[in-house]
Each structure stands twice: as C-alpha cells, then as structure tokens.
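For reference, the structure discussed in these notes is given below.
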Amino acid sequence: MKNIFQILLYIGKGISNLPDYQAYVKHLKENHPDRTPPTEKEFFAELLENKYGANAKRC
Numbered sequence: 017m018k019n020i021f022q023i024l025l026y027i028g029k030g031i032s033n034l035p036d037y038q039a040y041v042k043h044l045k046e047n048h049p050d051r052t053p054p055t056e057k058e059f060f061a062e063l064l065e066n067k068y069g070a071n072a073k074r075c
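If you read the sequence shown in our numbering, its first letter stands for residue 17, the second for the next number, and so on.
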C-alpha cells in the first residue's frame, strides 16, 4: 500500500511540475559535496518562497 502512495505522490509532483527532491539531493552530493542538503520541508519551503514570495519575479 505504501508503494502505491509513493507512486501516486511521484506522479502528482510530476504533473504539478514540482522538482524532484531526491534528484536534487543526489545532485548536491555528487557535484557539491561540501554543501549540506536541506530537509525536504526546507527544500519545498524555499521553492515556494522563490516562486510566490515577496521577492518573486512577476510580470
């Protein structure tokens, strides 16, 4: 049952154009080993802040 939920979550994130957190962490570990990856919560909070926050780029 947990696998079905994970698959649906993965599909939902893909449809909504959300970046893949695990891929981001993998990228950081491989290309920037000196940087500590953010938690998943911090990752998405920063993403939302950049997209919708006070300093977000808008038309």
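Even glycine gets a Cβ: it sits at the ideal position worked out from N, Cα and C.
Chain-order list of residues whose beta-carbon lies under 6 Å from that of residue i (same chain, five-residue window excluded)
i: Glu-56; result: Tyr-37
Distance between residue j and residue i (C-alpha atoms, nearest Å)
i: Phe-60; j: Lys-73; result: 18 Å
i: His-48; j: Asn-19; result: 30 Å
i: Ile-31; j: Tyr-68; result: 19 Å
i: Leu-25; j: Thr-52; result: 25 Å
i: His-43; j: Glu-58; result: 16 Å
i: Ala-39; j: Asp-50; result: 17 Å
i: Glu-62; j: Gln-22; result: 22 Å
Residue closest to residue i, alpha-carbon to alpha-carbon, out of the options
i: Pro-54; options: Asn-66, Val-41 and Phe-21; result: Val-41
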